[in-house]
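Heads up: take any position in the sequence shown, counting from 1, add 40, and you land on this note's numbering. We put the beta carbon where it would ideally sit given N, CA and C, even for glycine. Heads up: the structure comes next, in structure tokens.
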Amino acid sequence: MPYCMLRDPSWFKETSLYIDELHAKGHDTCPASFFLSNAMIANRSLSALNSSAAEGGHSVLNRIKKSFSYMSEDHANRYLWLAVRAMNRTEEAKRLGKEQANRERRTFNLASEEVDAGVALQL
Numbered sequence: 041m042p043y044c045m046l047r048d049p050s051w052f053k054e055t056s057l058y059i060d061e062l063h064a065k066g067h068d069t070c071p072a073s074f075f076l077s078n079a080m081i082a083n084r085s086l087s088a089l090n091s092s093a094a095e096g097g098h099s100v101l102n103r104i105k106k107s108f109s110y111m112s113e114d115h116a117n118r119y120l121w122l123a124v125r126a127m128n129r130t131e132e133a134k135r136l137g138k139e140q141a142n143r144e145r146r147t148f149n150l151a152s153e154e155v156d157a158g159v160a161l162q163l
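Here it is as structure tokens:
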């Protein structure tokens, strides 16, 4: 049983924990029910999950973890929150794609023209 379930079962009672497909090969002693590939067979809605998405998060954490040793707990929590938020915004920007970026660029250009026109009217 995972440590979090033993430590605080009431907090994690609605949590499902799975071993992603990338790391499943090394887990010989883990029950088959922990493998995401087996859970996907039983529950088709899990097939939409990106089982390697956490790897991107781990790369962010690896870059900032050395800084944590020099911070108070409160400061480290805030720093981590900002890092995760920045990572999520980056992923969201990628997901929205070029269409959204182009739309925002057009909006910015229109706003710039309005500001220029406003300045010209004030003169």
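Am I right that Ser92 and Leu62 are in contact with their C-beta atoms under 8 Å? What's the rounded C-beta distance?
6 Å
Taking all protein chains shown into account, decide if Leu76 is buried (16 or more other Cβ within 10 angstroms of its Cβ) or exposed.
buried
By DSSP's criteria, Phe75 is part of a beta bridge. Which residues make up the other side?
Ile59
Please name the residue, chosen from Gly137, Asn83, Ser50, Tyr58, that lies closest to Ala94 on a Cα-to-Cα basis.
Tyr58
Could you tell me the boundaries of the alpha helix (DSSP H) in which Phe108 lies?
93 to 108
Can you give me the Cβ contacts of Cys70 inside the same chain, cut-off strictly under 7 Å, excluding the 5 residues immediately before and after it?
Ile59
Under DSSP, the alpha helix (DSSP H) around Met45 begins and ends at which residues?
43 to 47
By Cβ distance below 6 Å, which residues in the same chain neighbour Ala64 in space, the five residues on each side in sequence not counted?
Phe75
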